[in-house]
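Undergrad: Counting from 115, one number per residue, gives the positions in the sequence shown under the numbering used here.
Okay, handing you the structure first.
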Amino acid sequence: TLDSSKCKSILPHLTPHHFDRLFLSLHRTVNPKTTHEFFRFATRHCNFRFTVRSYCLLLRSLLADSFVPRARFLLARLIDGHVPTWSSKTTTSFHDRLREIASSMLELNQGSDEQRLGELDLLLHILCSQFKCLGSRCAFDIFVMFSKRGVFPCLKTCNFLLSSLVKANELHKSYEVFD
115 TLDSSKCKSI
125 LPHLTPHHFD
135 RLFLSLHRTV
145 NPKTTHEFFR
155 FATRHCNFRF
165 TVRSYCLLLR
175 SLLADSFVPR
185 ARFLLARLID
195 GHVPTWSSKT
205 TTSFHDRLRE
215 IASSMLELNQ
225 GSDEQRLGEL
235 DLLLHILCSQ
245 FKCLGSRCAF
255 DIFVMFSKRG
265 VFPCLKTCNF
275 LLSSLVKANE
285 LHKSYEVFD
């Protein structure tokens, strides 16, 4: 369980980047459910802002332990900006935030010996289903970004992306995904 008094005493001594480096080395050894509680407590009660990469590590941990609904909810809130994150910019647009999320996921995916845990699939599904006005176009851009690095979603997600692009009348983009 989470000891809130210890959290309150530790957090003032950490910067978002310091926590990020620590979490990168420890994320495989901590309980994802407790870690998720820690993130929520730190942001709500201590106004701590984690980096996007730290949130992506948390997502990987949640997915690795099959906490898919929790990971889906967290990623959707991260995309829509309802999760406070540390950023060097004072304002970030939807596209900038999405690019940072995708870049962090790709970096963690490339630097990991672990199997892929479905972060890309989850990201594409959320974009196409919950952010319909911009989602399919953004999902296509992310698909291209990952595919250039040799990372592809599962076949089911590719079909879902194709269907979403066709429904959004983005036929030329659907041909590129199909190729």
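Glycine included, each C-beta is placed from N, C-alpha and C at the ideal position.
With distances taken from CA atoms, which of Q224, T165, D134 and F254 is nearest E214?
TA: Comparing Cα-Cα distances from E214 to each of Q224, T165, D134 and F254, the minimum goes to T165.
Undergrad: Report buried or exposed for V291, applying the criterion of at least 16 other Cβ atoms within 10 angstroms of its Cβ.
TA: Classification for V291: buried.
Undergrad: For my contact list, E233 and L176 are in at a C-beta cut-off of 8 Å; report their separation, rounded to the angstrom.
TA: With a Cβ gap of about 10 Å, E233 and L176 do not count as contacting.
Undergrad: Closest by CA to C170, which one among L192, L241, L140 and N145?
TA: Ranking L192, L241, L140 and N145 by Cα distance to C170 puts L192 first.
Undergrad: If the criterion is Cβ atoms closer than 8 Å, does the pair R186 and I240 meet it?
TA: Yes. Within cutoff.
Undergrad: Got a sec? Which residues, its chain only, sit under 6 Å from M219 by beta carbon, not counting five neighbours each side?
TA: Result list for M219: C170 and E233, in chain order.
Undergrad: Measure the CB-CB distance between F274 and C247 and report whether it falls below 8 Å.
TA: Contact flag unset, no.
Undergrad: Three-state secondary structure (DSSP) at F164?
TA: Residue state, collapsed to three classes: strand.
Undergrad: Is the Cβ-Cβ distance between P198 and R154 less than 8 Å?
TA: For P198 and R154, no; Cβs fall outside 8 Å.
Undergrad: Taking 8 Å as the threshold (C-beta atoms), are T271 and D235 in contact?
TA: Yes, they are a contact pair.
Undergrad: Once the 5 residues before and after S288 are set aside, which same chain residues still bring their CB inside 7 Å of it?
TA: Closer than 7 Å at the Cβ level, and outside the excluded window around S288, lie L276, L279 and V280.
Undergrad: Using a Cβ-Cβ cut-off of 8 Å (strictly less than) and excluding sequence neighbours within five positions of L238, which residues of its own chain qualify?
TA: Only A253, I256, F257, P267, T271, F274 and L275 meet the Cβ criterion.
Undergrad: Give me the Cβ distance between L188 and C160, rounded to the nearest whole Å; I'm assuming they're in contact under 8 Å.
TA: In fact, because the Cβ distance is near 18 Å, the residues do not count as touching under 8 Å.
Undergrad: So is G249 buried or exposed if we call it buried at 16+ other beta carbons inside 10 Å?
TA: With 16 or more Cβ atoms within 10 Å of its Cβ, G249 is classed as buried.
Undergrad: Please classify H150 as buried or exposed, where buried requires at least 16 neighbouring CB atoms within 10 angstroms.
TA: H150 comes out buried.
Undergrad: Taking the alpha carbon of D121 as the reference point, which residue from T143, F152, N145 and H196 has its own alpha carbon closest?
TA: For the sequence presented, residue 121 should be read as Cys rather than Asp. Selected option, being the one with the closest Cα: F152.
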